[in-house]
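**Student:** For the sequence shown, counting from 1, position 116 maps to 116 in full-length UniProt numbering; every step adds exactly one.
Even glycine gets a Cβ: it sits at the ideal position worked out from N, Cα and C.
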Amino acid sequence: MRILVFDYTDIYDFEKEFVNNEDDFYTRVIEKKYDVIILNFDFYPSLVEIKKFLADDVIIIFVCKVCDEFIYKKALSVANYCYSYDELYKLKIRLEYLEKKVIKLKSRVFKYKKFIFNLSTNQLYENSKPLRLTKAESDVLAILIKNRNKYLSKEDISAMSESIDSINSIKVIISNLRKLGFEIENVKNLGYKLKE
């Protein structure tokens, strides 16, 4: 499970990536995929500003000195959880639970609209009937599914696939996947992302 922490001090005793300024926070969130983002409530405006770049399944947790009713309501308007620093033991328990949940979510079968994609076999099914994809199309689809919380450049996709002959073929592969019914975003200077 990938965790990013944005706080003043690194007081957390679990495996994570740590940033302590807004520039690093923005860069990391845009460039990498995280399952959980933990941030100090002081950085609430930063989260509101960057939330549109986050996938819906990213778990966001605020921490603060005192989590009173006002802060709690405000935090839950954009995040999933809010804990005071006195409740860090609860945060650790929550992360243990989330790790199990994330592992379960990253199971070998991915459902998308009328499709089911088996990540073990790279086989795509539409309404339970197998569809024929080229090896490159299967690879690109699997890569987009596994990295659906972040944008991937053509170079990223090419580096992750053994069956892509050239970077230029990625555009054609993406077009073929779109024709099947997959909504794939393309943002200039960021890359491609499967829309859920």
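1) Nearest to residue 18 by alpha carbon, out of 26, 42, 7?
2) My understanding is that residue 63 touches residue 41, with C-beta atoms under 8 Å, so please give their C-beta distance in whole angstroms.
3) Is residue 126 helix, strand or coil when you go by DSSP?
4) Give a yes or no on contact between the segment 43-53 and the segment 73-80, applying the rule of three or more CB pairs nearer than 8 Å.
5) Could you please give me the residues that DSSP links to residue 19 through a beta bridge?
6) In terms of residue numbering, what span does the beta strand (DSSP E) encompassing residue 39 cover?
7) For residue 185 versus residue 195, is the C-beta distance shorter than 7 Å?
8) In or out: residue 137 buried (at least 16 other Cβ within 10 Å) or exposed?
9) When the Cα of residue 61 is compared with those of 95, 169, 159, which residue comes out closest?
10) Suppose the cutoff is 7 Å on Cβ atoms and the five residues either side in sequence are ignored; what does the same chain contact list for residue 163 look like?
11) Can you list the alpha helix (DSSP H) stretches of 4 or more residues lying completely in the segment 64-108, in chain order?
12) Given this structure, state the Cα-to-Cα distance separating residue 132 from residue 123, to the nearest angstrom.
13) On the DSSP letters alone, give me the boundaries of the alpha helix (DSSP H) that residue 48 sits inside.
14) Can you tell me where the beta strand (DSSP E) with residue 185 in it begins and where it stops?
15) Kindly indicate which three-state DSSP category residue 173 falls into: helix, strand or coil?
16) Using a 10 Å radius around the Cβ and a threshold of 16 neighbouring Cβ atoms, would you call residue 193 buried or exposed?
17) When the Cα of residue 13 is compared with those of 20, 3, 21, which residue comes out closest?
**Tutor:** The short version:
1) Of 26, 42, 7, the smallest CA-CA separation from residue 18 is found for 7.
2) The Cβ separation is near 7 Å, so the contact holds.
3) In the structure shown, residue 126 sits in a strand (DSSP, three-state: E or B).
4) Touching, yes, given that three or more Cβ pairs across the two stretches are closer than 8 Å.
5) Within the DSSP secondary-structure output, residue 19 pairs in a beta bridge with 6.
6) Where residue 39 is concerned, the enclosing beta strand (DSSP E) stretches over 36-40.
7) Yes, the Cβ-Cβ distance between residue 185 and residue 195 is below 7 Å.
8) Label assigned to residue 137: buried.
9) Check the Cα spacing between residue 61 and each of 95, 169, 159: the tightest is with 95.
10) For residue 163, where only same-chain residues beyond five positions count, the Cβ hits under 7 Å are 135, 136, 139.
11) Entirely contained in the segment 64-108, the alpha helix (DSSP H) runs reaching 4 residues are, in chain order, 69-76, 88-105.
12) So the two alpha carbons sit approximately 8 Å from each other.
13) 44-50 is the extent of the alpha helix (DSSP H) around residue 48.
14) 184-187 is the extent of the beta strand (DSSP E) around residue 185.
15) In this structure, residue 173 counts as helix in the three-state DSSP scheme.
16) In the assembly as shown, residue 193 is a buried residue. Its beta-carbon has 16 or more other beta-carbons within 10 Å.
17) Nearest option by C-alpha distance: 3.
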